[in-house]
Every structure is written in C-alpha cells, then in structure tokens.
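**Q** Going by the working numbering, the first residue of the sequence shown is number 2, and it counts up by one from there.
Quick one: the structure is below, and I'll ask about it shortly.
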Amino acid sequence: IRGVDMCLVYAVVVTYNRYELLQQNLRALINQSYSLARILVVDNASTDGTLLNLAEDGWTDHPSIRVLALPDNTGGAGGFAAGMRHALELGADWLWMMDDDAVPHRNALEKLLAVAVDKTSVYGSLAVNGDDTSWATTLVSQERKVVNKKCDVPVLAEVQSLPFLGFFINKELVSEIGFPDEGYFIAADDVEYCMRAQHAGHSVYIAGDSFIEHPKSQRYSFGLFGLKLICLTLPPWKRYYDTRNRLLIGKKYYGWRYYFKTIPGSFLRLLAALLNEPHRAAQAKAFFAGLLDGVRGVKGRRHERWSIRQ
Numbered sequence: 002i003r004g005v006d007m008c009l010v011y012a013v014v015v016t017y018n019r020y021e022l023l024q025q026n027l028r029a030l031i032n033q034s035y036s037l038a039r040i041l042v043v044d045n046a047s048t049d050g051t052l053l054n055l056a057e058d059g060w061t062d063h064p065s066i067r068v069l070a071l072p073d074n075t076g077g078a079g080g081f082a083a084g085m086r087h088a089l090e091l092g093a094d095w096l097w098m099m100d101d102d103a104v105p106h107r108n109a110l111e112k113l114l115a116v117a118v119d120k121t122s123v124y125g126s127l128a129v130n131g132d133d134t135s136w137a138t139t140l141v142s143q144e145r146k147v148v149n150k151k152c153d154v155p156v157l158a159e160v161q162s163l164p165f166l167g168f169f170i171n172k173e174l175v176s177e178i179g180f181p182d183e184g185y186f187i188a189a190d191d192v193e194y195c196m197r198a199q200h201a202g203h204s205v206y207i208a209g210d211s212f213i214e215h216p217k218s219q220r221y222s223f224g225l226f227g228l229k230l231i232c233l234t235l236p237p238w239k240r241y242y243d244t245r246n247r248l249l250i251g252k253k254y255y256g257w258r259y260y261f262k263t264i265p266g267s268f269l270r271l272l273a274a275l276l277n278e279p280h281r282a283a284q285a286k287a288f289f290a291g292l293l294d295g296v297r298g299v300k301g302r303r304h305e306r307w308s309i310r311q
C-alpha cells in the first residue's frame, strides 16, 4: 500500500430494516484484503429484528464487529454522525462510511488506501453497478465533466462531491470540520459535508479502482430553456427532503445564486417530477412542504408532520 502504510480503519455502516442486505455487506467487509480494525454497525432503530438477528446469527460474536443501537431513527445523517463519533472514541484513524446495501469488492479498501496520501483530503470508493456508476459522478475540471461509466473514472480524480458510499475521511479532518449535519435526516447530507470540507480549503477525491457494488440510482435528464438537470426518481417523502435540503445547502453556500439558481432550479425539478414520475399530487405536496421548510431553515425528520407517507 503506497498511501497509508499502517492505520486503524473503521468501517461505519448505517442500517435500517434491511437485514438481508446488511449480511452481504458484512461478509464483504470481513473479507477485505486489507483488514479493517473494526466494523461498526449503526442500527437506526430497526423494527425488523435486525439486532436480534445479528446476535442469533453470530455476527456480534465476530471480534471485528461492534453494534451501536440508536433509540430512534435519525436517518442517514444522524446515523453516520453517531457512528463517526463512536468510532473515533474507540480509536479509529480513518473512517470508511457506507450504507447497508453497499457490497465492497475484496480489494476496495486496499485500492483506496493506495491513493489516500493526504489526511486533510476526503477520499471515496466508486459506487458501481456492473459497468455503470451507481450515481452520476462529476469530475472537477473546466467543463465539470459528468461520467456514468466506471471505465471513465480515473484511478484518482478530484470530484464535486461524494456520497456516503465508501466515503473515507481521517480523524484529523473530522476534528476540524465536525460531523454530518443530523438535521438533514436523509438526502444531500453527504453533499453538504463535502462542501463544508471544500469551503475549509480541502479537496475531495474519488478512487476509480476502489469499487463498491450498489444499486443504481434512478436518474434521468430534464432540460428546459437551455437548462439541463440530472433528476432522481423519488417517492414523495424523499422528494420533501431532496427539495428542502437543496435549499438549505443553497442558503448556506451559494450566496446570490440561492435566489437566482437554487430556488428556480427547485421549481424546474418539480416540473420534471410532474412530467416524468407517478403520484403527481403527492409529489407537489412534498415539494411545497420542502420548499417552505427549506426557505425557513427548518431541519429534522419532518415528512410525517406534513402527513407525507413513507
């Protein structure tokens, strides 16, 4: 390993009601070619018997696995924040963060460590689905190139942002920029965290040879009046968080562009959803609820308060 010679890497895996997927993730983590110091499973108050099943199936007897059971479902943002805090308290040097539906290739961590040469930068594995990237990946360059094929991602490339799917960060950088904002609950919490690092003067890189298998996002392009967006197909309850959290990010980081790009762009995304996705009335309700809370700066788990069903 050329990058980090010897270090304590902790995997932080957030799970909620997906025990079968979690088992696949744990098998992949246990069999990494570079051994993890510990695998921390953060259970987000699952109701499907995840904690009992982990014990009955012997996972909690494995010397590398530790379970952090949260009393409430705090979403991905809260789960990762809690897991990161706990892992650092246990002595982690680096944190490798992912959801329960991520299946790292056997050498994913080894390939990642080979390029992680700077403790003050953020790194990430590449989430893939076969030959495709699981998420649209924006390479930082003059033209902001968006790539959708894993073969188009270099061994190491600076990117606009990374998802919490193989997200790799050193304890020193966490101590500087803090933890993910728990108020985001789900959606764009990883984008905000990357932007926070970048605004503090740090770079975000993707390791193009470090692969994690993950379901491909349902995305489509939508254009109007010369503007082109990459949109995600979302159920209404996730539409609420996607809308709200984009506005929270815009208000925090974009300055005047918040008024002239973020807000108009939000309405363009609503139009795309109404033209391309089902449950139009519910989509519209979720959008305007997210818009109102985003403009007001209201955070937290709120879709139920708006009677938006999950």
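C-beta: ideal position from N, C-alpha, C; glycine also.
Since we're looking at a predicted model, the values are computed, not measured.
What do you get for Asn45, buried or exposed, if any count of 16 or more other CB atoms within 10 angstroms of its CB means buried?
**A** Asn45 should be labelled buried.
**Q** Check each candidate in Glu183, Leu163, Ile187, Thr16 and name the one with the smallest Cα separation from Asp100.
**A** Of the candidates Glu183, Leu163, Ile187, Thr16, the one whose C-alpha sits nearest the C-alpha of Asp100 is Thr16.
**Q** DSSP three-state call for Asp100: helix, strand or coil?
**A** The answer is strand: DSSP assigns Asp100 an E or B state.
**Q** In whole angstroms, what is the alpha-carbon distance linking Ile2 and Leu110?
**A** For Ile2, the predicted model reports a pLDDT of 48, less than 50, meaning its position is unreliable; a value from the coordinates is still stated below. Whole-angstrom Cα-Cα distance: 10 Å.
**Q** Using 8 Å as the threshold, is the C-beta distance between Ala188 and Val123 below it?
**A** Not in contact: Ala188 and Val123 (Cβ atoms no closer than 8 Å).
**Q** Below 8 Å on the Cβ atoms is my guess for Trp95 versus Cys195; work out the distance and round it to an integer in Å.
**A** So it is not a contact: roughly 17 Å between Cβ atoms.
**Q** Is it right to say Trp136 is buried, meaning 16 or more other beta carbons lie within 10 angstroms of its own, or is it exposed?
**A** Burial call: buried.
**Q** Return the CA-CA distance between Arg281 and Gln219, expressed in angstroms with no decimal places.
**A** For Arg281 and Gln219, the distance between alpha carbons rounds to 17 Å.
**Q** Whole angstroms is fine: what's the gap from Ala12's alpha carbon to Asp190's?
**A** Spanning the two alpha carbons is a distance of roughly 18 Å.
**Q** Once the 5 residues before and after Pro105 are set aside, which same chain residues still bring their CB inside 6 Å of it?
**A** Once the five neighbours on either side are set aside, the close Cβ partners of Pro105 are Ala29, Ile213.
**Q** Roughly how many angstroms lie between the CA atoms of Phe165 and Met98, to the nearest whole one?
**A** The alpha-carbon atoms of Phe165 and Met98 are separated by roughly 6 Å.
**Q** Mapping the DSSP letters down to three states, classify Arg3 as helix, strand or coil.
**A** Legend: pLDDT at Arg3 = 47, less than 50; position of this residue unreliable, value from coordinates given subsequently. Coil, per DSSP.
**Q** Count the other C-beta atoms from every protein chain shown that fall within 10 angstroms of the C-beta of Gly202, then say buried if there are 16 or more, exposed otherwise.
**A** Burial call: exposed.
**Q** Can you tell which of Tyr35, Val205, Ala158, Ala88 has its C-alpha closest to the C-alpha of Asn108?
**A** Answer by Cα proximity: Tyr35.
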